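Asker:
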Amino acid sequence: MTKRILAALAAMLLAAVSAFAQPLAQPVESPAPSLLTSEVNAPPASARSFWTTVDYLFAVNRASHLPSLVTTSVPGTPRPAAGILGVPTTTTLFGGWANDELRSGVRLGAGWWFEGDRNFGVDIGFLVLESQSAIFSGSSDGSPILARPYTSALDGTQEAVLVAFPGATSGSIDIRAQTANFYTGHAVFTEKAIDEGWFRLNAQIGYRYYRYDESLRIGQVVTPTDPNFIAGTTLTTRDIFATRNDFHGCDIGVRSQFVWDSLTLDVLTRIAVGKIYREVQIDGSQIVAVPGAAPVSQVGGVYALSSNSGLFTRSDWKTMPEITATLSWRVLANLNVRLGYTFLLLDNIVRAPDQIEPLINPNLFPPAVPGASPNQPAFSMHRTSLWIQSINLGLEFTY
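Last residue of the sequence shown: number 1436 in our numbering, and the count goes up by one each step with no gaps.
#1: In whole angstroms, give me the CA-to-CA distance for Phe1157 and Lys1229.
#2: Considering only the alpha carbon of each residue, which of Arg1099, Ser1105, Gly1148, Val1111 lies closest to Phe1434?
#3: Can you give me the start and stop residues for the beta strand (DSSP E) that Leu1342 sits inside?
#4: In angstroms, rounded to a whole number, what distance separates the CA positions of Ser1170 and Phe1131?
#5: Could you tell me if Ala1268 is buried or exposed, where buried requires 16 or more neighbouring beta carbons within 10 angstroms of its beta carbon?
#6: Less than 7 Å between the C-beta atoms of Ser1352 and Tyr1378, yes or no?
#7: With the cut-off set at 7 Å, would you say Leu1253 and Ala1214 are in Cβ contact?
#8: My guess is that Thr1090 and Gly1431 are in contact by the Cβ rule of under 8 Å, so how many angstroms apart are they, rounded?
#9: Which stretch, first to last residue, makes up the beta strand (DSSP E) that contains Pro1186?
#10: Does DSSP classify Asp1298 as helix, strand or coil?
#11: Between the region 1318 to 1330 and the region 1260 to 1274, do at least 3 Cβ pairs fall closer than 8 Å?
#12: Considering Cα atoms alone, identify which of Pro1264, Gly1311, Leu1300, Leu1238 is closest to Tyr1247.
#13: Can you tell which of Glu1196, Val1317, Val1111, Asp1263 has the C-alpha that lies nearest to the C-alpha of Pro1117?
#14: What do you reckon, are the CB atoms on Thr1206 and Leu1199 nearer than 7 Å?
#15: How far does the beta strand (DSSP E) with Gln1215 in it extend, from its first residue to its last?
#16: Closer than 8 Å is the cut-off here; do at least three beta carbon pairs connect the region 1340 to 1355 with the region 1290 to 1302?
#17: Just to confirm my understanding: we take Leu1364, look at its own chain, exclude 5 residues before and 5 after, and list those with CB closer than 6 Å. What are they?
#18: Would you report the Cα separation of Phe1402 and Lys1355, rounded to the nearest angstrom?
#19: Take Asn1400 as the anchor and find which of Ser1110, Asp1192, Met1357, Ala1135 has the nearest alpha-carbon.
#20: Whose C-beta lies closer than 8 Å to the C-beta of Ile1289 among residues of the same chain, with five residues either side of it excluded?
#21: Out of curiosity, what's the CA-to-CA distance linking Gly1222 and Arg1245?
#22: Could you tell me the distance, in whole angstroms, from the CA atom of Asp1137 to the CA atom of Glu1251?
#23: According to DSSP, simplified to helix, strand and coil, what is Leu1401?
#24: Kindly indicate the opening and closing residues of the beta strand (DSSP E) around Glu1196.
#25: Can you tell me where the beta strand (DSSP E) holding Leu1106 begins and where it ends?
#26: When burial is assigned at 16 or more other CB atoms within 10 Å of the CB, is Ser1110 buried or exposed?
#27: For the putative contact between Phe1278 and Ala1341, defined by C-beta atoms under 8 Å, what is the C-beta separation to the nearest angstrom?
#28: Alpha carbons only, please: which of Leu1106, Pro1125, Val1107 is nearest the one belonging to Pro1115?
#29: Per DSSP, which residues does Leu1166 bridge with? Please list them.
#30: Give me, in chain order, the residues of the same chain whose beta-carbon lies closer than 6 Å to that of Ser1101; leave out the 5 immediate sequence neighbours on both sides.
#31: Going by beta carbon distance, what residues of the same chain come within less than 6 Å of Gly1256, once the five residues before and after it are set aside?
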């Protein structure tokens, strides 16, 4: 037994001596870590637990259509034909398509996975687009002619309210047709449905909000120069049409991601189902100021009269679809550069210019004739669809 132990110790000693007797191996230099390699081989953004995004938007939307609100006529046009639509001497100064220029916007987003295997998480976001305005301002001492056209409800003929006409009136018109800031936001839960590495599919469900407002404000000041009026008399008239659209709904969507090396194509399709609240406010007034007398205020302007003024609301259930495609390039381990496109549709909303009824009973102009008939313009909530498209440029940070 003792001999076997001594023999084993002797063998171990000989092996150790033999090992130390061999020449030392030259150290192998490890390659320096490559920043590019680490970026390319880093996990994609979808593999991180937390992400934030910021995008700058270049957006356009469906234009609003304004009726002919201001007209003029060539010098020498007789008073009965001045500013009348359909007459060869009449030209529209303000009307047609408006507020379809490029709009800037910002979209912010964030999200995180509750679990390490990224099966279930949450996604939140907010978007705002800037407002736009189409503005007209004109004044005249009588030449050129300024008029506001309408269709008479008495006989269907074209008529016009004269703001400035030689020997009769001088005046001014100021109009602002504004589309206010557009807002939308969401908070959704997201769950992994498919994950093949190069392809990932997530299902989403949660809450979505839209807000879109418009307004059309028309102000005019008329100073009669006819000797039948007291010198210095002024008539200040105002028409206001304002609309509001609020949407609250359940957002259901699918996000598909296609990964190739450092590039990721992200396609998000979703539809929100919910209730839209619409509001239309119409208000018209006129103030007559005669020198030496207290100003007199009267109900009614030109397009906003006693027959269609007030606050009107409607609400019902609608669907709002949206699609966004985004191409991301991973430039650093936790930084992506993004370029994308978004299309969304707001269905059955109210827009301010659409609420103008051109068919007017002139007997309702202030001061209105008691019992005047027909009661035109009558209110009818006109609805339409609004599409918004944008090119999105931004960054995504992942952690």
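Virtual Cβ for every residue (Gly too), placed ideally from N, Cα, C.
None of these values were measured; they are calculated from a predicted model.
Answerer: Taking the geometry as given:
#1: For the pair Phe1157 and Lys1229, the Cα-to-Cα distance works out to about 6 Å.
#2: Phe1434 has its Cα closest to that of Gly1148, out of Arg1099, Ser1105, Gly1148, Val1111.
#3: Here Leu1342 belongs to no beta strand (DSSP E), and DSSP marks it neither H nor E.
#4: If you take the alpha carbons of Ser1170 and Phe1131, they lie about 13 Å apart.
#5: Its Cβ having fewer than 16 others within 10 Å, Ala1268 is exposed.
#6: Against a cut-off of 7 Å, the Cβ pair of Tyr1378 and Ser1352 comes out as no contact.
#7: Against a cut-off of 7 Å, the Cβ pair of Ala1214 and Leu1253 comes out as a contact.
#8: Thr1090 to Gly1431, Cβ: 6 Å. Contact.
#9: Taken as a continuous stretch (DSSP letters only), the beta strand (DSSP E) holding Pro1186 covers 1183 to 1189.
#10: Secondary structure at Asp1298: coil, using DSSP grouped into helix, strand and coil.
#11: The way I'd put it, the region 1318 to 1330 does touch the region 1260 to 1274; three or more beta-carbon pairs between them come closer than 8 Å.
#12: If we check each option's Cα against that of Tyr1247, Gly1311 comes out closest.
#13: When each option's Cα is compared against that of Pro1117, the closest is Glu1196.
#14: A distance below 7 Å separates the beta carbons of Thr1206 and Leu1199.
#15: 1206 to 1216 is the extent of the beta strand (DSSP E) around Gln1215.
#16: Fewer than three beta-carbon pairs drawn from the region 1340 to 1355 and the region 1290 to 1302 are found closer than 8 Å, and the two stretches are therefore not classed as touching.
#17: Result list for Leu1364: Leu1302, Leu1376, in chain order.
#18: In a straight line, the C-alpha of Phe1402 is about 38 Å away from that of Lys1355.
#19: Its Cα nearest to that of Asn1400, the residue Asp1192 stands out among Ser1110, Asp1192, Met1357, Ala1135.
#20: Excluding positions up to five away in sequence, the list reads Gln1241, Ile1242, Arg1307, Ile1308, Ala1309, Val1310.
#21: Just so you know, the alpha carbons of Gly1222 and Arg1245 end up roughly 6 Å apart.
#22: When rounded, the distance between both Cα atoms is 13 Å.
#23: Of the three classes helix, strand and coil, the one that applies to Leu1401 here is helix, per DSSP.
#24: Glu1196 -> beta strand (DSSP E) spans 1195 to 1201.
#25: Element bounds for Leu1106: 1101 to 1110.
#26: Ser1110 sits buried, since 16 or more C-beta atoms from the chains shown fall within 10 Å of its C-beta.
#27: Between Phe1278 and Ala1341 the beta-carbon gap is near 7 Å, inside 8 Å, which marks them as a contact.
#28: Checked all of Leu1106, Pro1125, Val1107; the closest Cα to Pro1115 is Pro1125.
#29: In DSSP, Leu1166 forms a bridge with Gly1142, Phe1219.
#30: The residues are Ala1135, Asn1136, Arg1388, Pro1390.
#31: Asp1211, Arg1275, listed in sequence order.
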